[in-house]
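Asks: Mind looking over this structure? Questions follow.
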Amino acid sequence: MQFKDVIVRQELKDQLVRQIREGRISHAQLFTCQPGNDGFALAVAMAQYMCCEHPTETDSCGECPSCKQISKLEYPDLHIYFPTCGTKSVKSMDCESALFMNDFRKYVKSNNFHIDLTDWVAILDGENKQPAINIRDCAQILNQNSIRSYQGGYKIYILWCADRLRHDAAPKLLKTLEEPEEKSLFILITDKPDQMLNTILSRTQAVKFPRLSEEQIEEALMKEFPDLTPEVAQRLAIHADHNYIKARKSYPSDELSDEMLADFREFMQSAIFYAQRQPLERVNYQGINELIEKIASKSREVQKQYFQFWQELARKFLVAKADNGTIIKMTDEERQVYDLLRGAFSVKFVTDLNKAFDTAILHVARNSNTSLLLTDLYFRIVDFLTPKRK
Ligand SMILES: [Zn+2]
1222 MQFKDVIVRQ ELKDQLVRQI REGRISHAQL FTCQPGNDGF ALAVAMAQYM CCEHPTETDS
1282 CGECPSCKQI SKLEYPDLHI YFPTCGTKSV KSMDCESALF MNDFRKYVKS NNFHIDLTDW
1342 VAILDGENKQ PAINIRDCAQ ILNQNSIRSY QGGYKIYILW CADRLRHDAA PKLLKTLEEP
1402 EEKSLFILIT DKPDQMLNTI LSRTQAVKFP RLSEEQIEEA LMKEFPDLTP EVAQRLAIHA
1462 DHNYIKARKS YPSDELSDEM LADFREFMQS AIFYAQRQPL ERVNYQGINE LIEKIASKSR
1522 EVQKQYFQFW QELARKFLVA KADNGTIIKM TDEERQVYDL LRGAFSVKFV TDLNKAFDTA
1582 ILHVARNSNT SLLLTDLYFR IVDFLTPKRK
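Residues 1222 to 1611 (our numbering) are what the sequence shown spells out, left to right.
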């Protein structure tokens, strides 16, 4: 992974390269990302630059043995940690990242380093557990830190989703973060800095990631998917809410976005009519049943996209209502649906809806029956919208 392929603002890359070249890089960095930022990719690019045999003024060479090994996450002095949990095949309450390293490499590679926790958790297929960076991982770090580096250069530790560091494991790392061995670099990555322990925050230097612009997302999409037309790239970028990972996940199917939007309109409109006790032919529950069966017949991945897309739309509509449509960008089609449904989108409704979608997304990931899920969701929405007697 070279800097040139990392999707973050250029200033941020320049700043890190400058610090590395001037030898004043802080040994414990905390990458505080926005959701969908390339934090992991940037950390790997940084490791690659520091270990490259022929670095230029701006990037690693991409060709030397170190660069090649790091790109494959196989470099012996690059140690990567990430959340894991017991699964059907690995039964443990305290499992190590190393046990899942092959799966993780495959996941990173197949997504060109643009990774997020939701997808990783789905791959882990843990049974109802919260994945974490565990005690054994910390013991492993201490062990690695106590021995010499294989290549004689830097030892680099990347902790992806560092907010998932188990609170009973974190204290083991404090001393190492405070007084590291010479030539070691820790890069902790999080998009939830508020969930990090203060003791960790105070021992790391925060590197803040600026939000990506829609233009930047558009450009990156065109580069990653050369057959994408500029019009579609622009629409995906607007839909993505400054989140590159989300934008690339919706590729290639902008048609899918259109379909998800049309289905949202039908689903919500029917629920609103139902709650208003409108005549049954307006509610058209038969149509909703067909819609539910159609969505349930799609792949799990698409089903999840449906819920995430609908959740994001609801949030967007609420914000648009508050700001009179000045900040939130919408496509023309979205605006039509917004104009039709906006009356229903109160703060209370969107809060309830948000929770219902979170639950639905979780259940989809756990292979629940999607027809039942959607039917339940429909009647919950009707319930949210029905005026309550005091
Ligand atoms: Zn190189």
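We put the beta carbon where it would ideally sit given N, CA and C, even for glycine.
#1: Is Thr1596 helix, strand or coil when you go by DSSP?
#2: Could you check whether the Cβ of Gly1373 sits closer than 7 Å to any heavy atom belonging to ligand 1?
#3: Does the beta-carbon of Asp1448 have 16 or more other beta-carbons within 10 angstroms, so that it is buried, or is it exposed?
#4: For Gly1257, count neighbouring C-beta atoms within 10 Å of its own C-beta (all shown protein chains included) and say buried if the count is 16 or more, exposed if not.
#5: Would a C-beta distance cut-off of 8 Å place Asn1355 and Glu1399 closer than the cut-off?
#6: Cβ atoms of Ser1370 and Lys1396: under 8 Å apart, would you say?
#7: Under 8 Å by Cβ, that's how I've got Asp1517 and Leu1574 pegged, so tell me the actual separation to the nearest angstrom.
#8: Cα-Cα, which of Asn1505, Val1229, Leu1477 is closest to Phe1488?
#9: Are the beta-carbon atoms of Asn1526 and Asp1412 separated by less than 8 Å?
#10: Go through its chain and collect everything with a Cβ distance to Phe1252's Cβ below 6 Å, but skip five positions before and after it.
#11: Compute the beta-carbon to beta-carbon distance between Phe1665 and Phe1303, rounded to the nearest angstrom, for a pair I have assumed lies under 8 Å.
#12: So what's Thr1607 in DSSP terms, helix, strand or just coil?
#13: I want to know whether the segment 1490–1504 touches the segment 1460–1480 - three or more CB-CB distances under 8 Å.
#14: Hey, would you say Ala1353 sits closer than 8 Å to Arg1385, going by beta carbons?
#15: Which residues in the same chain as Ile1549 place their Cβ atom closer than 7 Å to its Cβ, once the five residues preceding and following it in sequence are excluded?
#16: Quick check on Lys1515: buried or exposed, where buried means 16 or more other Cβ atoms within 10 Å of its Cβ?
#17: Rounded to whole angstroms, how far is the Cβ of Leu1442 from the Cβ of His1463, which I believe are closer than 8 Å?
#18: DSSP three-state call for Thr1552: helix, strand or coil?
#19: With the cut-off set at 8 Å, would you say Ala1169 and Ile1379 are in Cβ contact?
#20: In this structure, how does DSSP classify Lys1413 when only helix, strand and coil are distinguished?
#21: On the three-state DSSP scale, how would you describe Lys1376?
#22: Thinking C-alpha only, which one of Ala1535, Tyr1328, Ala1581 is nearest Leu1598?
#23: With a threshold of 16 other CB atoms inside 10 Å of the CB of Thr1591, please say whether the residue is buried or exposed.
Replies: From the atom records:
#1: Residue mapping note: residue 1596 aligns to position 375 of the sequence shown, counting from 1. Correct three-state label for Thr1596: helix.
#2: By 1-based counting over the sequence shown, the position of residue 1373 is 152. Incorrect: Gly1373 has no Cβ contact closer than 7 Å to ligand 1.
#3: Start at 1 with the first residue of the sequence shown, and residue 1448 comes out as number 227. Flag for Asp1448 reads exposed.
#4: Counted from its first residue, the sequence shown places residue 1257 at position 36. So Gly1257 ends up on the buried side.
#5: Here residue 1355 refers to the residue found at position 134 of the sequence shown. Here residue 1399 refers to the residue found at position 178 of the sequence shown. For Asn1355 and Glu1399, no; Cβs fall outside 8 Å.
#6: Looking up residue 1396 in the sequence shown gives position 175. Looking up residue 1370 in the sequence shown gives position 149. No. Outside cutoff.
#7: Residue mapping note: residue 1517 aligns to position 296 of the sequence shown, counting from 1. Residue mapping note: residue 1574 aligns to position 353 of the sequence shown, counting from 1. With the sequence shown as reference, residue 1517 is identified as Ala, and Asp is not the correct amino acid for it. In fact, because the Cβ distance is near 20 Å, the residues do not count as touching under 8 Å.
#8: For the purposes of this step, residue 1488 is identified with residue 267 of the sequence shown, where counting begins at 1. Of the listed residues, the one whose Cα sits closest to Phe1488 is Asn1505.
#9: Indexing the sequence shown from 1 puts residue 1526 at position 305. Indexing the sequence shown from 1 puts residue 1412 at position 191. This sequence places Gln at residue 1526; Asn is not what is there. Cβ distance not < 8 Å, so Gln1526 and Asp1412 don't count as in contact.
#10: Position 31 of the sequence shown, counted from the first residue, corresponds to residue 1252. Answer for Phe1252: Gly1260, Ile1410, Val1428, listed in chain order.
#11: As shown, the chain starts at 1222 and ends at 1611. That puts residue 1665 outside it, with no answer to give.
#12: The residue labelled residue 1607 in the question sits at position 386 within the sequence shown. Residue state, collapsed to three classes: coil.
#13: no
#14: As a working mapping, residue 1353 is identified with position 132 in the sequence shown. As a working mapping, residue 1385 is identified with position 164 in the sequence shown. It is a contact, given that the beta carbons lie within the stated cut-off.
#15: On the sequence shown, residue 1549 is found 328 positions in, with the first residue counted as 1. Correct list, in chain order: Lys1537, Val1540, Ala1541.
#16: Numbered from its first residue, the sequence shown carries residue 1515 at position 294. By the neighbour-count rule (16 or more Cβ atoms within 10 Å), Lys1515 is not buried but exposed.
#17: By one-based count along the sequence shown, residue 1442 stands at place 221. By one-based count along the sequence shown, residue 1463 stands at place 242. At roughly 13 Å, the Cβ-Cβ gap does not stay under 8 Å, so Leu1442 and His1463 are not in contact.
#18: Within the sequence shown, the letter at position 331 stands for residue 1552. Coil, per DSSP.
#19: The requested residue 1169 is not part of the displayed model; the chain covers only 1222 to 1611.
#20: Here residue 1413 refers to the residue found at position 192 when the sequence shown is read from its first residue. Three-state result, Lys1413: coil.
#21: Translated into the one-based positions of the sequence shown, residue 1376 becomes position 155. Strand, per DSSP.
#22: Sequence index remark: in the sequence shown, residue 1598 carries index 377 (1-based). The option with the nearest alpha carbon to Leu1598 is Ala1581.
#23: Taking the sequence shown and counting its residues from 1, one reaches residue 1591 at position 370. Buried, by the Cβ-count rule.
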